[in-house]
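Protein chains in written order, with this note's numbering: chain P, 33 to 732; chain Y, 33 to 732. Built from N, CA and C at the ideal position, the CB exists for glycine as well. Below is one structure, written out as structure tokens, with a few remarks after it.
2 protein chains.
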Amino acid sequence: VSDRPPPHLDLEAFFAPRSVAVVGVSDRPQNLGSNIVANLASWGFAGAVYAVGRGGGRVHGLQVLPDVEQLPRGVDLACVLTPAATVPGIVEALGRRGVRAVCVESSGFGELDDSGLALSREVSRAIRRHDMRLIGPNCLGTFATDSRLCCSFAGIRPLRAGPVGLVSQSGGVLFSYLRDLDESCLGLSRAASIGNKLDVDEVDLIHHLDRHPQTRVICLHLEDIRRGRALMEAAAGCSKPIVLHKVNRSPLTRTIAASHTASLLADHAVVEAAARQAGMVAVEDTSAALLAANALLLPPLRGRRIAVVSRSGGHAVIAADACAARGFELPPLPGSLLDALRARLRAGVIRLGNPLDLGDLWDIDAYRAILEQIAALELVDGIVFVAVQISAVDPAVHRRIATHVAEVSRNAQKPIALCYMSWRETARQLGQEVDWPQFAFVEDAVSALALLRDHHLRQSPPRPSPPEVARRTTGGAEPMALEDCLSLLRRFELPLAESRVAEDPERAARAARTVGFPVVVKLLSPEVVHKSDVGGVALGLKSAAQVRRACHGMAEQIAARRPEARISGYLVQAQADPGLELIVGFRRDPVFGPAVLVGLGGTLVEVLRDVALRVAPVTADDARSMLSELSGAPRLEGARGAAPLDTPALCRLIERFSRLALEEQETLLELEINPVILYPEGRGCVIVDVRGFVTNEEPG
Amino acid sequence: VSDRPPPHLDLEAFFAPRSVAVVGVSDRPQNLGSNIVANLASWGFAGAVYAVGRGGGRVHGLQVLPDVEQLPRGVDLACVLTPAATVPGIVEALGRRGVRAVCVESSGFGELDDSGLALSREVSRAIRRHDMRLIGPNCLGTFATDSRLCCSFAGIRPLRAGPVGLVSQSGGVLFSYLRDLDESCLGLSRAASIGNKLDVDEVDLIHHLDRHPQTRVICLHLEDIRRGRALMEAAAGCSKPIVLHKVNRSPLTRTIAASHTASLLADHAVVEAAARQAGMVAVEDTSAALLAANALLLPPLRGRRIAVVSRSGGHAVIAADACAARGFELPPLPGSLLDALRARLRAGVIRLGNPLDLGDLWDIDAYRAILEQIAALELVDGIVFVAVQISAVDPAVHRRIATHVAEVSRNAQKPIALCYMSWRETARQLGQEVDWPQFAFVEDAVSALALLRDHHLRQSPPRPSPPEVARRTTGGAEPMALEDCLSLLRRFELPLAESRVAEDPERAARAARTVGFPVVVKLLSPEVVHKSDVGGVALGLKSAAQVRRACHGMAEQIAARRPEARISGYLVQAQADPGLELIVGFRRDPVFGPAVLVGLGGTLVEVLRDVALRVAPVTADDARSMLSELSGAPRLEGARGAAPLDTPALCRLIERFSRLALEEQETLLELEINPVILYPEGRGCVIVDVRGFVTNEEPG
């Protein structure tokens, strides 16, 4: 990482070069390099274009230069599409000719095999030598509607300009995104297909697009993330909203999770938590990404009170359902406003309220007035406006309505989600004329507002800079001895149930007297992981005699069932009073470092899957916000009529646990305290059981 | 209901009439009736068309008859669009002229106010008198692509023919559905907008569309359901798949649910359960309805093993993620097949497997051969085929690929979900030429297969005919006395924890000795609903003295805190051993009758929301299938190493409980047993607590 150029190094040459050289051009029909030349021409790129190819000749009216040495010095951008084996030499030659920005579009590198990986290393050395930046290899290059640049080796018609900056790891997926941006009311500012990310990656491109004026929202499609904390930092510092569509969630080689924590903190869950923490909108699929990009172009939604205005009663019902399902309220509109409307409308075949069914009112200026009046209401945070126009299709009407909606929404700084249901060709045409998001379905419009609400509610104060991530683990994980887990908890002052380790039954009985009855006794044996399976846990022991008997009983069980197991002693623990059982755990993610979870616990934890996750560090404030995310949050208020539970104590525990996770991340892979029992206010919480895994890697 | 014509009475006249009369036509520009005449002309309707309107004159080349009496006798279908007040007289006159099928499109009836409701009643009498069938009022009439019929009063261009039969309660929503059918690869067979459903409803139309050859899938958009059991019967008997998009789920006037059962068995949850039981596919929104209609046109998916074939590695990754998220497996493909492929492909820049990334293979015949080979594999149940074609758009290629996919899929009788990502105008054009479903996003294609799998897995053996539904309740609900609940449970031989009612503390102590210690004592008082709030429950009492003390203590508490409450006695109950806590409940739904739920219970039930629902009757087999639907189903297997729980006993309990629900539905609105404690095999289950509500309506 240290040999990476500074992240803010300008990438402008990739998107607005004064000159482009295409390397790998010939006049053979299946030559892909010539498509780049053709795209630059059809898009109307105004800079100089040079073609390089061993065969020479002319392609699309350009003289093909036989090698890179023939290029003038200091071409701004080179696109390379030659066989992988030739690429290191070409990059080196380009560097010597003063080229500082290169898109390598060829494949056959690290994504293929070990010899491809060796080629990648050679390319890396060349770009370091000449202080170059490189996009790819194995990519489709860059696109910019402002400079009419298209470096794709697959032909694509010129795309319409718009506010979306796009970064996509896969070329095929980039293409389908470009289609969707072009065909929706969105449109493209700049795009990069980043392939193997040998040098430039999504972090660099966030910095670039943040400073690009025409870009107003950024979409990332990523198949892997390598600089997790840097991505979080870039996203948190970015002034524009970012939609993250991370795929490759279910690696086929996934190992079976060995614990609740590992199962609940799967790689992808950590990505989502990290994205939320950094203020990104993480989405699960392509259509959700497009919906999110549309939503984030609206003014912020600062509450949950929505007015629905519809020209169709049936769609008003659908909108009301969708609002209820997404946690919105539809406040009653003031009588004075409804009375004024009633005076304006024709005979009473409409019921006025919220949703407001405009029925047979067909008066565009009236729509504007109604939207203005509703947007001005203090009791309304946002509006869904639904219109159906299929019978008498008139694009001019559609355009006027969309323009009004955009103006009213911008003036009021409240979002108006427009769902104008017309034939698609009309909607598309309009999308190109009016710079305002549109939604094809009523439910999409409401979903967009919900996304906007959650996004803005989540915007949290700036966070302390995240720590460096631990090295990647190459070795495996091995379980920690229970005694080691306990001393770790003590070292971080975590509230462990009073516990003593005793070497034999007699000492255990004495320890129990000190701890106070009733006690729990657990067998200690490095060979036994699941103690309860072999009778290694005894609950509710009420006397020294019972403790002694229990210890002897365990020893007999072990001798009979697991003769190879050594008994290292007995843990004697004060039996905790009943209370609310929770789980707190962390796992060291290879990309984002330690991630912490809290959830409703006990045996139900994996059934409930009611957990909240954060990448460490987790402050007590963060912990409070984690608890508020649990579906079971109301249970923290306590039972009906009873005192609320001691959540401040739990938050302190989580904060300390997160510190433990960070400070021990060199060796500790995973730690789970389950259950933590939480008591009513003032009575704190207590840790009853713990399990940990350490790396078996040699330090170094 | 008894005065309703037999449901199978032919509705053909509404869709393929030989002659149509439009009543309410004039040459004023804003006259809507003339739009019907115009639509019939523009669609190319071949039958006779008559226009009726008081003003006479000519409209769209037709002579306007001044009144209905001027019509020839026996016109097949009349569309009426005149002010509501005139409609009863017009329907009566049409009846006298021998018209037997009428669409009343005017609004201003029951949906508006009481005088509109009175008009509806008059119309009902008229249609009964003349043995007519009526669609509407307050609707857009009927549409049929086979007979080129369009009775809409809003102009709409001719729609493409296709396999979807559509029934929509709202005219506006019908319009947006028509748009979506026309613009997707689907297409319309027949549609009806049914508005107020004064006579013809969705049940009648299911029967009609079931016998209509061009219709292959039926979509219902409903705002209310009035004949719940008849809908279930019609759907269960229908030979074609039905998609149910029920809206109006969150009535604004919803009362606060008084119990877990009422909250978990909300109206809409019962609709969904009933739909599933009747073999319908219930969807939550419009785009899901379209996706489902597309999916159901594919051959059945009989398992969960999918092969992904993609021309873009990026989309292959997305497909694999989507498959994993939807519970599919991607089995490894046989080496011999991959070897043959490798021989066919160009130099090794592709990794072969499942997903199968075709990379730079661009050979349509090869695609067909690959799909055929994979579809023939025993280990593959279905295929997702993804192609991107944006660069060199060639509709002919797209058409050939879609045709191949359709043929291979039909021949193999395994679904191939095609996601061909091209520009939308190409896709739409193709959709009109090739009769095969297409999906715009990879995730949609995978969702379609998941829907298909779940639909076919759910197809259960034909069920006993459902019972008649209890009358609608007009009165309120009142809590039952605990003693009454207990005797009801005993009458149906439900396994209640041993319980005695005692009048005073002394008798309670004696009862406790009979029951056996430890016992639980509960205060009985008609005025106290939440016993535990006022100290009315005592657990773990181990002696007669403790029981006596507990009873006296309760009496004191009540005297101090609820002086108005009478104490009718004490319930003494054997304290149940710990086990798995469940809830079993039923609520009498006003539309579908008693609906039964089972869920993981105790205080967590509403947090977990892990419940399964069925409309009664529920057999023991149904109960087993309900239990298998719970996310917590693995818990019924018992703890690690322990015996499985006694689910047969629980299923018998649910079956009896369902019988109780049906037999008592005249008076009993709701009954909840919570918790039911389930023990390991052979040890049965026991009901610990029960709560019921009866109607306070006078019987009659």
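- Ranked by how close their Cα comes to the Cα of residue 609 (chain P), the residues P:126, P:712 and P:694 have P:712 in first place.
- For residue 385 (chain Y), the three-state secondary structure derived from DSSP is coil.
- The three-state reading of DSSP puts residue 711 (chain P) in coil, since its state is none of H, G, I, E or B.
- In this structure the stretch 308-320 of chain Y does not touch the stretch 388-403 of chain Y; the number of beta carbon pairs closer than 8 Å is below three.
- Assignment of residue 170 (chain P) by DSSP, reduced to helix, strand and coil, places it in the coil class.
- Taking 8 Å as the cut-off, the Cβ atoms of residue 100 (chain Y) and residue 126 (chain Y) count as close.
- Taking residue 659 (chain Y) as the centre and dropping the five residues before and after it, the same chain places the C-beta of 630, 644, 665, 668, 679, 682 and 683 closer than 8 Å to its C-beta, in chain order.
- For residue 642 (chain P), no alpha helix (DSSP H) encloses it, and the DSSP letter there is neither H nor E.
- For residue 465 (chain Y), no CB of chain P lies under 8 Å from its own CB, so it is not counted at the interface with that chain.
- In this chain, the alpha helix (DSSP H) harbouring residue 155 (chain P) covers 146-161.
- Beta bridge pairing from DSSP links residue 554 (chain P) with P:569 and P:603.
- Burial check for residue 690 (chain Y): the Cβ neighbour count within 10 Å reaches 16 or more, so the residue is buried.
- Non-local C-beta neighbours of residue 273 (chain Y) in its own chain, meaning closer than 6 Å and more than five positions away in sequence, comprise 249 and 328, ordered along the chain.
- Contact annotation: residue 517 (chain Y) and residue 279 (chain Y) have beta-carbon atoms that are not nearer than 8 Å.
- Contact annotation: residue 79 (chain P) and residue 49 (chain P) have beta-carbon atoms nearer than 8 Å.
- Taking CB atoms only, residue 455 (chain P) has a neighbour in chain Y less than 8 Å away.
- Residues 158, 161 and 162 of the same chain have their beta carbon placed closer than 8 Å to that of residue 124 (chain Y), with the five preceding and five following residues left out of the count.
- Per DSSP, residue 261 (chain P) lies in no beta strand (DSSP E) segment; the continuous alpha helix (DSSP H) that holds it begins and ends at 260-269.
- In this structure, the beta-carbon distance from residue 387 (chain P) to residue 419 (chain P) does not fall below 8 Å.
- Taken through DSSP and simplified to helix, strand or coil, residue 529 (chain P) comes out as coil.
- Residue-level contact by beta carbon fails for residue 485 (chain Y) and chain P, as no gap is shorter than 8 Å.
- Contact annotation for residue 186 (chain Y) against chain P: 423 [CB-CB distance below 7 Å, chain order].
- Note that the stretch 197-217 of chain P does not touch the stretch 403-417 of chain Y; fewer than 3 beta-carbon pairs, one per stretch, sit closer than 8 Å.
- Cβ contact annotation for residue 462 (chain Y) (same chain, cutoff 7 Å, sequence separation greater than five): 427, 430, 431 and 434, in chain order.
- When Cβ-Cβ separations below 8 Å define contact, residue 317 (chain P) makes contact with chain Y.
- Taking 8 Å as the cut-off, the Cβ atoms of residue 167 (chain Y) and residue 46 (chain Y) count as close.
- Two segments are said to touch when three or more pairs of C-beta atoms, one from each, lie closer than 8 Å; by this definition the stretch 701-717 of chain Y does not touch the stretch 298-312 of chain Y.
- Residue 511 (chain P) places its beta carbon less than 8 Å from that of residue 561 (chain P).
- The C-beta separation of residue 136 (chain Y) from residue 112 (chain Y) comes to about 5 Å, placing the pair in contact by the 8 Å criterion.
- For the pair residue 603 (chain P) and residue 553 (chain P), the CB atoms are nearer than the 8 Å cut-off.
- DSSP places residue 659 (chain Y) inside the alpha helix (DSSP H), whose first and last residues are 652-661.
- Take residue 88 (chain P), set aside five residues on each side of it, and the residues of its chain with a beta-carbon closer than 6 Å to its own are 96 and 98, in chain order.
- Using a Cβ distance threshold of 8 Å, residue 438 (chain P) and residue 480 (chain P) do not count as a contacting pair.
- Within the stretch 197-208 of chain Y, those residues whose Cβ lies closer than 9 Å to any Cβ of chain P are, in chain order, 200, 201, 202, 203, 204, 205, 206, 207 and 208.
- For residue 522 (chain P), there is no enclosing beta strand (DSSP E); the residue is found in the alpha helix (DSSP H) stretching over 514-523.
- Excluding sequence positions up to five before and after residue 717 (chain P), its CB lies within less than 7 Å of the CB of 527, 678, 681, 682, 685, 708, 709, 710 and 711, all in the same chain and listed in chain order.
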